[in-house]
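J.: Counting in the numbering used here, the sequence shown runs from 68 upward without gaps. Idealized CB from N, CA, C, for every residue including glycine.
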Amino acid sequence: MAGTDYLATLNLEQRRAVEHGITRSGVNIAGPLLVIAGAGSGKTNTLAHRVAHFIVNGADPARILLLTFSRRAAAEMERRAHAIIVAAVGPANGHSPLLWSGTFHAVGARLLRLYAASIGLDPSFTIHDREDSADLLNLVRHDLGFSEKAKRFPLKATCLAIYSRAVNAAETLDTVLHRQFPWCAEWEGELRLLFDAYVEAKQRQHVLDYDDLLLYWGELMQVTDLAQEVRSLFDHVLVDEYQDTNALQAAILLGLKPDGAGLTVVGDDAQAIYGFRAATVRNILDFPGQFSPPAHLVTLEQNYRSTQPILAASNAIIGLARERFTKDLRSTRASGEKPALISVQDETGQVGCVVATILENREAGKTLKDQAVLFRTSHHSAMLEIELARRNIPFVKFGGLKFIEAAHVKDLVSILRWAENPQDRVTGFRVIQLLEGIGPSTAGKVLDRMEGRAPVDALAAFRPPAKAAEQWRDLVDLMQHLYAGSSAWPAELDKVREWYGPHLERRYPDAAVRVGDIEQLQRIAAGYASRAKFLTDLTLDPPSATSDEAGAPLRDEDYLILSTIHSAKGQEWKSVFVLNVVDGCIPSDLGTGCSDDIEEERRLLYVAMTRAKDQLNLMVPHRFYTHQQAKKGDKHLYAARTRFIPSTVLGHFEQRIWPEVARFAQTRPQAPGPSVDLGARMRGMWRRTGN
Numbered sequence: 068m069a070g071t072d073y074l075a076t077l078n079l080e081q082r083r084a085v086e087h088g089i090t091r092s093g094v095n096i097a098g099p100l101l102v103i104a105g106a107g108s109g110k111t112n113t114l115a116h117r118v119a120h121f122i123v124n125g126a127d128p129a130r131i132l133l134l135t136f137s138r139r140a141a142a143e144m145e146r147r148a149h150a151i152i153v154a155a156v157g158p159a160n161g162h163s164p165l166l167w168s169g170t171f172h173a174v175g176a177r178l179l180r181l182y183a184a185s186i187g188l189d190p191s192f193t194i195h196d197r198e199d200s201a202d203l204l205n206l207v208r209h210d211l212g213f214s215e216k217a218k219r220f221p222l223k224a225t226c227l228a229i230y231s232r233a234v235n236a237a238e239t240l241d242t243v244l245h246r247q248f249p250w251c252a253e254w255e256g257e258l259r260l261l262f263d264a265y266v267e268a269k270q271r272q273h274v275l276d277y278d279d280l281l282l283y284w285g286e287l288m289q290v291t292d293l294a295q296e297v298r299s300l301f302d303h304v305l306v307d308e309y310q311d312t313n314a315l316q317a318a319i320l321l322g323l324k325p326d327g328a329g330l331t332v333v334g335d336d337a338q339a340i341y342g343f344r345a346a347t348v349r350n351i352l353d354f355p356g357q358f359s360p361p362a363h364l365v366t367l368e369q370n371y372r373s374t375q376p377i378l379a380a381s382n383a384i385i386g387l388a389r390e391r392f393t394k395d396l397r398s399t400r401a402s403g404e405k406p407a408l409i410s411v412q413d414e415t416g417q418v419g420c421v422v423a424t425i426l427e428n429r430e431a432g433k434t435l436k437d438q439a440v441l442f443r444t445s446h447h448s449a450m451l452e453i454e455l456a457r458r459n460i461p462f463v464k465f466g467g468l469k470f471i472e473a474a475h476v477k478d479l480v481s482i483l484r485w486a487e488n489p490q491d492r493v494t495g496f497r498v499i500q501l502l503e504g505i506g507p508s509t510a511g512k513v514l515d516r517m518e519g520r521a522p523v524d525a526l527a528a529f530r531p532p533a534k535a536a537e538q539w540r541d542l543v544d545l546m547q548h549l550y551a552g553s554s555a556w557p558a559e560l561d562k563v564r565e566w567y568g569p570h571l572e573r574r575y576p577d578a579a580v581r582v583g584d585i586e587q588l589q590r591i592a593a594g595y596a597s598r599a600k601f602l603t604d605l606t607l608d609p610p611s612a613t614s615d616e617a618g619a620p621l622r623d624e625d626y627l628i629l630s631t632i633h634s635a636k637g638q639e640w641k642s643v644f645v646l647n648v649v650d651g652c653i654p655s656d657l658g659t660g661c662s663d664d665i666e667e668e669r670r671l672l673y674v675a676m677t678r679a680k681d682q683l684n685l686m687v688p689h690r691f692y693t694h695q696q697a698k699k700g701d702k703h704l705y706a707a708r709t710r711f712i713p714s715t716v717l718g719h720f721e722q723r724i725w726p727e728v729a730r731f732a733q734t735r736p737q738a739p740g741p742s743v744d745l746g747a748r749m750r751g752m753w754r755r756t757g758n
């Protein structure tokens, strides 16, 4: 066994997690391991060391499966593991990179292509993103006549959300409707017909949606011979952020490692906040008991991010949770500054306090980027955004369209997708309508005539409206070029961009700005060996920034961070402000339907608090204004401090009132003159005549 100096930087808890199941005589596939990694406890570093420790001690990198929740996380884990391996054995004895790492969906797509012939799939299937899936569902919805119902039938986005919830949560349709969509329960019969027809449409067009990537993988693991073959590919399976997995993902893991041998999952039940995506905290809470003997448990409690007072307050809040793995985060970073619980009169006062404190911090040496304002729901920052703009304070708000959802990027990608799979009606529908003078009706006719015929022949034989005749010939030439593979990848993207250029300028007044995204798309494409691999990865894990949503470029290199709490998970800042820490906001009035919902809201506050390194300010406005069109004047509601900070834990906070005002008990200088008994005047006012 190699020397273990490369483990010297780990603390005792981390080292226990890294070394579990590995002996000096080599790799020993031990039973399942659960690592409860508290916020800021070096989770990524620990998992990377465990991967490296396997490889240094003889594990085959090609037989290790690493599952993360973003491609970037997988790449970062691989980078760190490689650096650790080089430090342990030297670059001359470098090891092969991991061959199997990525998101559940990406790994699922790869396995499905690998086993496509055995499970009745076309290996060249294309993958629909959420928008494409909703569009196809809407076409099916229309074909079934549900859009013409006398009573309002659920829209496509709601239908897709119901379908996706049922698949990912492994729940029956009636259960999903009862718990999450009670207003749609009357349509249960129609929804069953819709989803059945939707599945048939996808299979007919050789497309899969996001949910299919997990659903087909899960079903694959139910076929005895194939499941055994997939299991034989991997000695070790490691899963990051296990608290964010759904029931279907947990079932897949049990299919891969039924007895838990070689299975490592890392996560934090206190940071399980994605229930709206069908993630369930039960996966991590129940994990140890799913195996016999139970999984080995290691808890990481040493926090490297926050000061001890911030951790003490966070521990106190999560300590009131109904059910959890016991842990108390600790830090060597002492501080005399407790988290502040700041009471303000209303939302205007909240904004004034936050902006004033941010500017004070900036004058004291904290950059704007070192500070973040977090909130439960995106619209909670609306008033703050207006004030920041008025004061010329630059900011970036997280949580917008993904790169591939920008219209111009989706246009170009749709052309490539249609070339990859001519039977994909949704994609073809979009491409055909890029031409001037062609609408939905004509596009539908084109697609109807393509069914059962060679794609190029059908396109060439179609007679478009006269206005689109020239553009139609150009489209036919382009698709013929792409279908035939006349240019090697990624050179064919140049051909697509050349064709799309005039349409970009015609369709978008800010085309010059959007060109930057097209250029970025080409740079991304250059890193892929094939069109199919490029389209798969771009759909499953797209870049996040686009010129379509960014607006004018920032003139200041420093800017404040605004973010929903969900988008802030995994991030950290020196100074953190949390808006609206009151009942009705945290917990959300929509998140109090049952005890499980309330517990997730508690964890959401915990996640927000543990983003702070040095300074934490929780804002408590006591009055909210509501503007109602039907009535004159402004109405207001009074709010109470969140139930998650009861009086028993107030000792962990410094309570403040903003703005600081003179105390009413302060002595007023006495002016000369007679004193007035106002009480006597009040008593006598109703005795005077005329009242």
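Quick one: what's got a C-beta closer than 7 Å to residue 700's C-beta in the same chain, skipping five residues either side?
T.: Here residue 700 refers to the residue found at position 633 when the sequence shown is read from its first residue. Residue placement at residue 700 is poorly supported in this model, since its pLDDT is 45, which falls under 50; the coordinates are not used for a value here.
J.: Measuring alpha carbon to alpha carbon, tell me which residue in 391, 135 and 195 is nearest residue 110.
T.: Numbered from 1 along the sequence shown, position 43 holds the residue referred to as residue 110. The shortest C-alpha to C-alpha distance from residue 110 to any of 391, 135 and 195 is the one to 135.
J.: Which residues in the same chain have their Cβ closer than 6 Å to the Cβ of residue 652, if we skip the five residues on either side of it in sequence?
T.: For the purposes of this step, residue 652 is taken as the residue at position 585 of the sequence shown. 443.
J.: In this structure, how does DSSP classify residue 135 when only helix, strand and coil are distinguished?
T.: Walking along the sequence shown from the start, residue 135 turns up at place 68. Strand at residue 135.
J.: May I have the straight-line CA-CA distance separating residue 485 from residue 104, to the nearest angstrom?
T.: Locating residue 485 in the sequence shown gives position 418, where the first residue counts as 1. Locating residue 104 in the sequence shown gives position 37, where the first residue counts as 1. Spanning the two alpha carbons is a distance of roughly 44 Å.
J.: Cβ of residue 392 less than 8 Å from any chain B Cβ?
T.: Of the protein chains in the structure, only one exists, and it is not chain B.
J.: Secondary structure at residue 251, three-state DSSP: helix, strand or coil?
T.: In the sequence shown, residue 251 corresponds to position 184, counting from 1. In this structure, residue 251 counts as helix in the three-state DSSP scheme.
J.: According to DSSP, is residue 716 part of a helix, a strand, or is it coil?
T.: Your numbering for residue 716 matches position 649 in the sequence shown. It is helical.
J.: Which same chain residues end up closer than 8 Å to residue 227 when comparing Cβ atoms and leaving out the 5 residues on each side of it in sequence?
T.: Start at 1 with the first residue of the sequence shown, and residue 227 comes out as number 160. Only 197, 200, 201 and 204 meet the Cβ criterion.
J.: Just checking my contact of residue 365 with residue 84 at CB under 8 Å: how many whole Å lie between their CB atoms?
T.: For this step, residue 365 is matched to residue 298 along the sequence shown. For this step, residue 84 is matched to residue 17 along the sequence shown. So it is a contact: roughly 4 Å between Cβ atoms.
J.: Using only CA atoms, which one of 637, 519, 437 and 533 lies nearest to residue 624?
T.: Working through the sequence shown from its first residue, we reach residue 624 at position 557. In terms of Cα proximity to residue 624, the closest of 637, 519, 437 and 533 is 437.
J.: What is the DSSP secondary structure of residue 169, counted as helix, strand or coil?
T.: The residue given as residue 169 occupies position 102 in the sequence shown. Strand.
J.: Considering only C-alpha positions, which residue in the set 243, 446, 452 and 327 is nearest to residue 363?
T.: Mapped onto the sequence shown, residue 363 falls at position 296. It is 327 whose Cα lies nearest to the Cα of residue 363.
J.: Can we say the segment 492-512 touches the segment 581-596, given the rule of at least three CB pairs closer than 8 Å?
T.: no
J.: In angstroms, rounded to a whole number, what distance separates the CA positions of residue 634 and residue 465?
T.: Along the sequence shown, one-based indexing puts residue 634 at 567. Along the sequence shown, one-based indexing puts residue 465 at 398. Going by the C-alpha atoms only, they are around 7 Å apart.
J.: Rounding to the nearest angstrom, what Cα-Cα distance links residue 445 and residue 416 in this structure?
T.: Along the sequence shown, one-based indexing puts residue 445 at 378. Along the sequence shown, one-based indexing puts residue 416 at 349. Cα-Cα distance, rounded: 19 Å.
J.: Between the alpha carbons of residue 725 and residue 411, how many angstroms are there, rounded?
T.: Within the sequence shown, residue 725 is the residue found at index 658, counting from 1. Within the sequence shown, residue 411 is the residue found at index 344, counting from 1. Computed Cα separation, rounded: 5 Å.
J.: Using 8 Å as the threshold, is the C-beta distance between residue 676 and residue 398 below it?
T.: For this step, residue 676 is matched to residue 609 along the sequence shown. For this step, residue 398 is matched to residue 331 along the sequence shown. Contact flag unset, no.
J.: Let's test the definition: count the other Cβ atoms within 10 Å of the Cβ of residue 602 and tell me whether it reaches 16, buried, or not, exposed.
T.: If you number the sequence shown from 1, residue 602 lands on position 535. Buried, since its Cβ has 16 or more Cβ neighbours within 10 Å.
J.: Cutting at 6 Å between CB atoms, please list the residues of its own chain near residue 482, excluding the five before and the five after it.
T.: Here residue 482 corresponds to residue number 415 of the sequence shown, with the count starting at 1. Closer than 6 Å at the Cβ level, and outside the excluded window around residue 482, lie 498 and 563.
J.: Taking one C-beta from the segment 347-354 and one from the segment 328-338 each time, how about it: are there three or more such pairs within less than 8 Å?
T.: At 8 Å Cβ cutoff, the stretches touch.
J.: Do the CB positions of residue 715 and residue 649 come within less than 8 Å of each other?
T.: Along the sequence shown, one-based indexing puts residue 715 at 648. Along the sequence shown, one-based indexing puts residue 649 at 582. Against a cut-off of 8 Å, the Cβ pair of residue 649 and residue 715 comes out as no contact.
J.: Since I believe residue 396 is in contact with residue 370 (beta carbons under 8 Å), could you give me their beta-carbon distance rounded to a whole number of angstroms?
T.: Here residue 370 corresponds to residue number 303 of the sequence shown, with the count starting at 1. Here residue 396 corresponds to residue number 329 of the sequence shown, with the count starting at 1. Contact holds; Cβ gap of about 4 Å.
J.: Taking all protein chains shown into account, decide if residue 453 is buried (16 or more other Cβ within 10 angstroms of its Cβ) or exposed.
T.: Position 386 of the sequence shown, counting from 1, holds the residue named residue 453. It is exposed - the Cβ of residue 453 has fewer than 16 other Cβ atoms within 10 Å.
J.: In whole angstroms, give me the CA-to-CA distance for residue 413 and residue 683.
T.: Sequence index remark: in the sequence shown, residue 413 carries index 346 (1-based). Sequence index remark: in the sequence shown, residue 683 carries index 616 (1-based). Cα-Cα distance, rounded: 20 Å.
J.: Specify the secondary structure class of residue 699 as computed by DSSP and reduced to three states.
T.: What you label residue 699 is simply residue 632 of the sequence shown in a count that begins at 1. Its pLDDT being 44, under 50, residue 699 is placed unreliably by the model, and the measurement read from it follows with that caveat. In this structure, residue 699 counts as coil in the three-state DSSP scheme.
J.: Going by the CB atoms, is the gap between residue 705 and residue 719 shorter than 8 Å?
T.: Here residue 719 refers to the residue found at position 652 when the sequence shown is read from its first residue. Here residue 705 refers to the residue found at position 638 when the sequence shown is read from its first residue. In this structure, residue 705 does not lie closer than 8 Å to residue 719 by Cβ.
J.: At which residues does the beta strand (DSSP E) containing residue 189 begin and terminate?
T.: Translated into the one-based positions of the sequence shown, residue 189 becomes position 122. First-last for residue 189: undefined, no H or E at that position.
J.: How would you label residue 99, buried or exposed, when you count the other beta carbons within 10 angstroms and need 16 or more for buried?
T.: Your numbering for residue 99 matches position 32 in the sequence shown. By the neighbour-count rule (16 or more Cβ atoms within 10 Å), residue 99 is buried.
J.: Could you tell me if residue 181 is buried or exposed, where buried requires 16 or more neighbouring beta carbons within 10 angstroms of its beta carbon?
T.: Here residue 181 is taken as the residue at index 114 of the sequence shown, counted from 1. With fewer than 16 other Cβ atoms within 10 Å, it is exposed.
J.: Bridge partners for residue 464 per DSSP, in chain order?
T.: Here residue 464 refers to the residue found at position 397 when the sequence shown is read from its first residue. Beta-bridge pairing links residue 464 to 629.
J.: Label residue 250 either buried or exposed according to how many other C-beta atoms from any shown protein chain fall within 10 Å of its C-beta, with 16 as the threshold for buried.
T.: Walking along the sequence shown from the start, residue 250 turns up at place 183. The residue in question, residue 250, is exposed, as its Cβ has fewer than 16 Cβ neighbours within 10 Å.
J.: Is the beta carbon of residue 344 less than 8 Å from the beta carbon of residue 323?
T.: Working through the sequence shown from its first residue, we reach residue 344 at position 277. Working through the sequence shown from its first residue, we reach residue 323 at position 256. Not closer than 8 Å, so no.
J.: Name the DSSP bridge partner or partners of residue 245?
T.: Counting from 1 along the sequence shown, the entry for residue 245 is found at position 178. Beta-bridge pairing links residue 245 to no other residue.
J.: Mind checking whether residue 313 and residue 428 have CB atoms under 8 Å apart?
T.: Here residue 313 is taken as the residue at index 246 of the sequence shown, counted from 1. Here residue 428 is taken as the residue at index 361 of the sequence shown, counted from 1. Against a cut-off of 8 Å, the Cβ pair of residue 428 and residue 313 comes out as no contact.
J.: Which class does residue 288 belong to by DSSP, given the choice of helix, strand or coil?
T.: Taking the sequence shown and counting its residues from 1, one reaches residue 288 at position 221. The three-state secondary structure of residue 288, taken from DSSP, is coil.
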